[in-house]
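Student:
Numbering (my numbering), first residue to last: 225 to 393.
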């Protein structure tokens with residue numbers, strides 16, 4: 225499962241802003257031009273302009289005009305979830321080929337694997353909601369995926385390998 229270019233580029237650009245904010249010693253950082261972000265992340269500046277218009281409308285970044293102008297985080301990186309960035313650029317986190325309100329997966333009906341893919345999309349959304357820009361910049365993302373929580377053979381919930389779930393065995 226992969227996010228599209230729009231979602232990935234928006235996250236990459238925001239992580240660049242968050243890293244620069246950290247390096248500047250201020251919560252939101254100094255304004256950074258899209259040219260600087262494009263160069264640092266090897267992204268298209270024209271594409272970033274489209275993304276940053278959406279990020280600004282979502283109030284995730286602020287802008288400053290004139291010499292020394294650019295974009296900066298609207299709030300500290302620890303207060304911006306990665307899911308908010310993906311949502312801001314209208315990137316659906318869906319693993320199904322179904323469309324909301326559409327005829328369904330196959331010829332107007334629901335495919336057998338629909339719930340599997342729908343849950344995968346929800347797990348991705350929940351994971352990204354629990355990760356902030358600060359987590360990414362500070363390298364606190366690795367090993368954050370939780371083991372699956374599933375039904376046991378006797379009908380009781382249990383965690384995945386090792387059954388180490390905070391709610392019990």
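Backbone N, C-alpha and C fix where the C-beta goes; we use that ideal spot for every residue, glycine too.
None of these values were measured; they are calculated from a predicted model.
With 16 other CB atoms within 10 Å as the buried threshold, where does residue 244 fall?
Tutor: Along the chain shown, read from residue 1 onward, the residue named residue 244 stands at position 20. Residue 244 comes out buried.
Student: Would you call the CB atoms of residue 295 and residue 287 closer than 8 Å?
Tutor: The sequence position of residue 295 within the chain shown is 71, counting from 1. The sequence position of residue 287 within the chain shown is 63, counting from 1. Yes. Within cutoff.
Student: Which whole-angstrom value is the C-beta distance of residue 241 and residue 275, which I expect to be below 8 Å?
Tutor: In the chain shown, counting from the first residue as 1, residue 241 sits at position 17. In the chain shown, counting from the first residue as 1, residue 275 sits at position 51. About 12 Å separates the two Cβ atoms, so there is no contact after all.
Student: Kindly provide the ranges of any alpha helix (DSSP H) runs that are 4 or more residues long and lie completely inside the stretch 268-310, ordered along the chain.
Tutor: Complete alpha helix (DSSP H) runs here, min 4: 269-281.
Student: For residue 253, which of helix, strand or coil comes out of DSSP?
Tutor: Along the chain shown, one-based indexing puts residue 253 at 29. Three-state result, residue 253: coil.
Student: State the CB to CB distance for the pair residue 265 and residue 237, rounded to an integer number of angstroms; the pair is presumed to be in contact (CB under 8 Å).
Tutor: Within the chain shown, numbered from 1, the residue matching residue 265 stands at position 41. Within the chain shown, numbered from 1, the residue matching residue 237 stands at position 13. Contact holds; Cβ gap of about 6 Å.
Student: If you draw a straight line from the alpha carbon of residue 313 to that of residue 374, how long is it in whole angstroms?
Tutor: The residue labelled residue 313 in the question sits at position 89 within the chain shown. The residue labelled residue 374 in the question sits at position 150 within the chain shown. Answer to the nearest angstrom: the Cα atoms are 33 Å apart.
Student: Using only alpha-carbon positions, find the residue among 283, 272, 273, 369 that is nearest to residue 344.
Tutor: Residue 344 sits at position 120 when you count from the first residue of the chain shown. Comparing Cα-Cα distances from residue 344 to each of 283, 272, 273, 369, the minimum goes to 369.
Student: So what's residue 241 in DSSP terms, helix, strand or just coil?
Tutor: Residue 241 sits at position 17 when you count from the first residue of the chain shown. It is helical.
Student: Mind checking who residue 356 pairs with in its DSSP beta bridge?
Tutor: Stepping through the chain shown from its first residue, residue 356 is reached at position 132. DSSP lists 305 as partners of residue 356.
Student: Please go through the same chain and pick out, in chain order, the residues whose beta-carbon is closer than 6 Å to the beta-carbon of residue 291, but skip the five residues on each side of it.
Tutor: As a working note, residue 291 is residue 67 in the chain shown. Around residue 291: no qualifying Cβ.
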